[in-house]
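Asks: Position in the sequence shown counted from 1, then plus 12, gives you our numbering.
Don't be surprised by glycine CBs; every beta carbon is placed ideally from N, CA and C.
I'd like to ask some things about the structure below.
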Amino acid sequence: MTTVCNAPNCAKTVPQTPGKRARLYCDANCRNKAHAARKANPAAVPTIPAQADTPPVDMTLADVVKRDLELGERLETLPGQLALALAVRIGSPGTTASSVATLSKELRVLMAEALAGTAPKQGDLLDEFSERLARKAASA
Ligand SMILES: [Zn+2]
Numbered sequence: 013m014t015t016v017c018n019a020p021n022c023a024k025t026v027p028q029t030p031g032k033r034a035r036l037y038c039d040a041n042c043r044n045k046a047h048a049a050r051k052a053n054p055a056a057v058p059t060i061p062a063q064a065d066t067p068p069v070d071m072t073l074a075d076v077v078k079r080d081l082e083l084g085e086r087l088e089t090l091p092g093q094l095a096l097a098l099a100v101r102i103g104s105p106g107t108t109a110s111s112v113a114t115l116s117k118e119l120r121v122l123m124a125e126a127l128a129g130t131a132p133k134q135g136d137l138l139d140e141f142s143e144r145l146a147r148k149a150a151s152a
């Protein structure tokens with residue numbers, strides 16, 4: 013199986029080895045190019061998330077939010093519950109790409125509020141997840 017190089021302005025195919033981690037770029041040059049482009053404009057370049065940070069496919073945004081809140085023991089708080097409600101709303105099928113973008117922003121604020129003072133290291137997964145949702149919604 014092959015995929016297309018993820019670097020901007022490159023349409024070369026990338027051969028994939030089944031069972032191995034997916035290669036995103038056709039060569040090191042493209043990887044560097046994509047890295048630079050992503051740094052300059054994080055929203056513009058779609059990338060396949062690194063495997064280790066990828067939430068399981070059957071996990072919904074609400075699941076991720078709930079898990080983060082539970083980890084921080086903030087599920088039973090007002091911002092925690094609001095964040096959860098928002099996550100459910102974002103994940104519901106009728107939500108448009110533009111509202112996903114707006115709601116995601118609000119969700120991040122609520123999550124920051126809910127998890128204020130708890131151990132860091134939340135957020136990465138959630139960011140990854142909501143970005144992926146936004147991309148999915150944009151391409152639908
Ligand atoms: Zn390439």
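Could you spell out the range, first to last residue, of the beta strand (DSSP E) harbouring T114?
Replies: Residue 114 sits at position 102 when you count from the first residue of the sequence shown. Where T114 is concerned, there is no enclosing beta strand (DSSP E), although the alpha helix (DSSP H) it sits in stretches over A109 to A126.
Asks: Does DSSP put L145 in a helix, in a strand, or in coil?
Replies: Translated into the one-based positions of the sequence shown, residue 145 becomes position 133. In this structure, L145 counts as helix in the three-state DSSP scheme.
Asks: Please confirm whether L96 and K78 have their CB atoms less than 8 Å apart.
Replies: If you number the sequence shown from 1, residue 96 lands on position 84. If you number the sequence shown from 1, residue 78 lands on position 66. Cβ atoms of L96 and K78: closer than 8 Å.
Asks: Suppose the cutoff is 6 Å on Cβ atoms and the five residues either side in sequence are ignored; what does the same chain contact list for C22 look like?
Replies: Locating residue 22 in the sequence shown gives position 10, where the first residue counts as 1. Hits under 6 Å: C42.
Asks: Looking at C-beta atoms only, is the number of pairs between the region 29-45 and the region 105-117 that lie closer than 8 Å three or more?
Replies: No: the two stretches stay apart, fewer than three of their Cβ pairs being nearer than 8 Å.
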